[in-house]
Amino acid sequence: MAKVNIALDAELVVEVMVLAGVGSPQDAVEAVVRDYIARGHRTEARTATRDEANRTGEMLPPEPPQG
410 MAKVNIALDA ELVVEVMVLA GVGSPQDAVE AVVRDYIARG HRTEARTATR
460 DEANRTGEML PPEPPQG
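Under my numbering, the first residue of the sequence shown is numbered 410, with each subsequent residue one higher.
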């Protein structure tokens with residue numbers, strides 16, 4: 410896999426490390442990026458399920474609030 414080097418504000422990276430509970434800046438930022446991508450995939454999956462139900466006329470039970 411290709412690697413990319415970027416520069417980030419040190420305070421931002423330290424906060425991500427603390428929130429993620431990770432000791433390495435690279436691992437912390439990678440965890441955030443992977444989580445962001447996974448969240449996008451989950452959103453796409455939920456949207457696709459609703460769109461499919463609308464197309465076929467099926468009624469889906471309402472999703473419980475997430476928070």
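Backbone N, C-alpha and C fix where the C-beta goes; we use that ideal spot for every residue, glycine too.
These figures come from a predicted structure and were not determined experimentally.
Gln475: CB within 7 Å of a non-hydrogen atom of the ligand MG: Judged by which ligands are present, the structure shown has none, so any question about the ligand MG falls away.
Which word fits Met410, buried or exposed, when buried means at least 16 other C-beta atoms lie within 10 angstroms of its C-beta? What you label residue 410 is simply residue 1 of the sequence shown in a count that begins at 1. The residue in question, Met410, is exposed, as its Cβ has fewer than 16 Cβ neighbours within 10 Å.
Given a cut-off of 8 Å on the beta-carbon distance, is the pair Val425 and Val438 in contact? Here residue 425 is taken as the residue at index 16 of the sequence shown, counted from 1. Here residue 438 is taken as the residue at index 29 of the sequence shown, counted from 1. Against a cut-off of 8 Å, the Cβ pair of Val438 and Val425 comes out as a contact.
Just verifying my parser: in three-state terms, what is the DSSP assignment at Gln475? Here residue 475 corresponds to residue number 66 of the sequence shown, with the count starting at 1. It is coil, neither helix nor strand.
Taking a contact to mean a Cβ-Cβ separation below 8 Å, would you say Ala447 touches Ala440 in this structure? Residue 447 sits at position 38 when you count from the first residue of the sequence shown. Residue 440 sits at position 31 when you count from the first residue of the sequence shown. No.
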